[in-house]
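Going from the sequence shown to the working numbering is simple: count from 1 and add 105.
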Amino acid sequence: MSIKKQKMSWSFKDLIGPLLQAKMDYKWFGVRKNLNYEKASFLPISKEFNIDILSIRKEFNIPKLTPDKDHHLIMNTEIEFEDSNWLYGKPDLFINQWEERITELLHKYRLPVSFMDWVEWNILYGKPKTYPHYNIETFSEIIKNPQEANRIGLTIGEKKLLLEYLRFVIKSTKGKRKSTLKKSFIQLEKVINQSKNQRRRSRTLKTSMKTLKVGPLQRDVQEETYTRNQNKLMYEDIIPNIFTIEEEIKIGPKRLNARLRKQKERLLKRHIQPQKIKN
106 MSIKKQKMSW SFKDLIGPLL QAKMDYKWFG VRKNLNYEKA SFLPISKEFN
156 IDILSIRKEF NIPKLTPDKD HHLIMNTEIE FEDSNWLYGK PDLFINQWEE
206 RITELLHKYR LPVSFMDWVE WNILYGKPKT YPHYNIETFS EIIKNPQEAN
256 RIGLTIGEKK LLLEYLRFVI KSTKGKRKST LKKSFIQLEK VINQSKNQRR
306 RSRTLKTSMK TLKVGPLQRD VQEETYTRNQ NKLMYEDIIP NIFTIEEEIK
356 IGPKRLNARL RKQKERLLKR HIQPQKIKN
């Protein structure tokens, strides 16, 4: 019995694409992907972040824009660039001020440079449907400004990939340029190794996000009492959506209430500059 050989239609790109994607997701940027997802989930519903977005829209007098009419891709030597029809052609001074304001948001909310397009999309159109999984853009920033590694806090996978890439560049270079790169590599390697990512992926992100809908109690100054705000959710309102009946009975409403309040406090401190949180 003979078996007819099927023609293989796989190209090298078909084979290498999924492999590279897996490496990016799990080996080099697995931790970063989760941290970025957390940022992209939290910030669009953050009051402070939305106030900043509205402030920039007013500052630059941005009209109502929709991505289907304003957003487009530009191909340049086989590289895609995203652009806005509204931004295109604006004076250099305008663009410089625009980029400075976006950079300010990146620093305020401790976002990698890879979030620049994401932040810009929020300003121009609203919440994006995607988020940056990786930190590739940040690598070039670190090479130009090594202290960027300390601001972001590189993960173990990111440090390993960046150092391997730099060694590869040095190895592939010849002449005086190779000697120059070796000298700068020593300083860069030191900064990269000292960089530490002090943030861990939140294990309670989904439940913590629900606590953001909880509002403060209403205060009666004369009576010096606090009462329920009828227009806001309370912790007891969201407990049934998070915990099972068995957990409610075993742990008790007061302890669950305190647990959720703590989750909200940690979430806000993770994503906004440290502050006193009252609720």
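Every residue gets a Cβ at the ideal spot worked out from N, C-alpha and C, and that includes glycine.
H177 - DSSP class collapsed to helix/strand/coil
Locating residue 177 in the sequence shown gives position 72, counting from the first residue. Here H177 sits in strand by DSSP.
Quick test of the definition: if touching needs 3 or more C-beta pairs under 8 Å, does the stretch 211–221 touch the stretch 194–201?
The stretch 211–221 vs the stretch 194–201: no contact.
Measure the C-alpha to C-alpha separation of K234 and L361 and round it to an integer number of angstroms.
Start at 1 with the first residue of the sequence shown, and residue 234 comes out as number 129. Start at 1 with the first residue of the sequence shown, and residue 361 comes out as number 256. Distance between the alpha carbons of K234 and L361: 33 Å.
Taking the alpha helix (DSSP H) that M339 belongs to, which residues open and close that run?
Position 234 of the sequence shown, counting from 1, holds the residue named residue 339. First-last for M339: undefined, no H or E at that position.
Bridge partner(s) assigned by DSSP for E187
Here residue 187 is taken as the residue at index 82 of the sequence shown, counted from 1. In the DSSP output, where bridge partners are listed per residue, E187 has L178.
Have a look at L148, K295, E246 and D188 and flag the residue whose alpha-carbon is nearest the alpha-carbon of D173.
Residue mapping note: residue 173 aligns to position 68 of the sequence shown, counting from 1. In terms of CA proximity to D173, D188 leads the group L148, K295, E246 and D188.
First and last residue of the uninterrupted alpha helix (DSSP H) at F290:
Here residue 290 is taken as the residue at index 185 of the sequence shown, counted from 1. That run of the alpha helix (DSSP H) goes K281 to Q299.
Closer than 8 Å by C-beta to D222: which residues in its own chain qualify, once you throw out the five before and the five after it? Chain order, please.
Walking along the sequence shown from the start, residue 222 turns up at place 117. Setting aside the 5 residues that flank it on each side, D222 is surrounded in the same chain by E187 and P237, each with a C-beta closer than 8 Å to its C-beta; the list follows chain order.
Okay, do the stretch 344–351 and the stretch 368–375 touch, 3+ Cβ pairs below 8 Å being the bar?
no
Could you give the residue range of the alpha helix (DSSP H) that holds R215?
Looking up residue 215 in the sequence shown gives position 110. Judged by DSSP secondary structure, R215 falls outside any alpha helix (DSSP H); it is assigned neither H nor E.
Taking 6 Å as the limit between beta carbons, can you name the residues of its chain near A145, skipping five residues before and five after?
As a first step, residue 145 is located in the sequence shown; it is residue number 40 there, counting from the start. For A145, where only same-chain residues beyond five positions count, the Cβ hits under 6 Å are Y236.
Bridge-paired residues (DSSP) for V319:
Numbered from its first residue, the sequence shown carries residue 319 at position 214. V319 pairs with L338.
Is F154 near W203, with beta carbons less than 8 Å apart?
Sequence index remark: in the sequence shown, residue 154 carries index 49 (1-based). Sequence index remark: in the sequence shown, residue 203 carries index 98 (1-based). No, they are not a contact pair.
Determine the burial state of A363: buried for a count of at least 16 other Cβ atoms within 10 Å of its Cβ, exposed for fewer.
For this step, residue 363 is matched to residue 258 along the sequence shown. Exposed is the call here.
Candidates V224, R137 and Y131: closest to K301 by CA position
Position 196 of the sequence shown holds residue 301. With distances taken between Cα atoms, K301 lies closest to R137.
According to DSSP, simplified to helix, strand and coil, what is T243?
Here the question's residue 243 lines up with position 138 in the sequence shown. The answer is helix: DSSP assigns T243 an H, G or I state.
Quick check on G258: does DSSP put it in helix, strand or coil?
Locating residue 258 in the sequence shown gives position 153, where the first residue counts as 1. The answer is coil: DSSP assigns G258 none of H, G, I, E or B.
Restricting to Cα atoms, I'd like to know which of R256, T285 and P149 is closest to V296.
As a working note, residue 296 is residue 191 in the sequence shown. Of the listed residues, the one whose Cα sits closest to V296 is R256.
Rounded to a whole number of angstroms, what is the C-alpha to C-alpha distance between L192 and E242?
Translated into the one-based positions of the sequence shown, residue 192 becomes position 87. Translated into the one-based positions of the sequence shown, residue 242 becomes position 137. If you take the alpha carbons of L192 and E242, they lie about 21 Å apart.
Let me confirm a value: K264 is counted as buried when at least 16 other C-beta atoms fall within 10 Å, else exposed. Which label applies?
Locating residue 264 in the sequence shown gives position 159, counting from the first residue. It is buried - the Cβ of K264 has at least 16 other Cβ atoms within 10 Å.
Within this structure, are the beta carbons of I161 and R206 separated by less than 8 Å?
For the purposes of this step, residue 161 is taken as residue 56 along the sequence shown, with counting starting at 1. For the purposes of this step, residue 206 is taken as residue 101 along the sequence shown, with counting starting at 1. Closer than 8 Å, so yes.
Confirm, please, whether the CB-CB distance from G258 to Q299 is below 8 Å.
Walking along the sequence shown from the start, residue 299 turns up at place 194. Walking along the sequence shown from the start, residue 258 turns up at place 153. Taking 8 Å as the Cβ cut-off, Q299 and G258 do not qualify as a contacting pair.
Note down the Cα distance separating S313 from K152, rounded to an integer number of angstroms.
By one-based count along the sequence shown, residue 313 stands at place 208. By one-based count along the sequence shown, residue 152 stands at place 47. Each residue's Cα considered, the two are about 15 Å apart.
Simplified DSSP assignment, three categories, for S116
Locating residue 116 in the sequence shown gives position 11, where the first residue counts as 1. Residue placement at S116 cannot be trusted, given a pLDDT of 48 that sits under 50; the coordinates are not used to answer.
Environment of T316 [buried if 16+ CB atoms lie within 10 Å]:
As a working note, residue 316 is residue 211 in the sequence shown. So T316 counts as buried.
Judging by CA-CA distance, which residue of G231, K374, I179 and H176 is the nearest neighbour of P149?
As a first step, residue 149 is located in the sequence shown; it is residue number 44 there, counting from the start. Comparing Cα positions, the closest option is G231.
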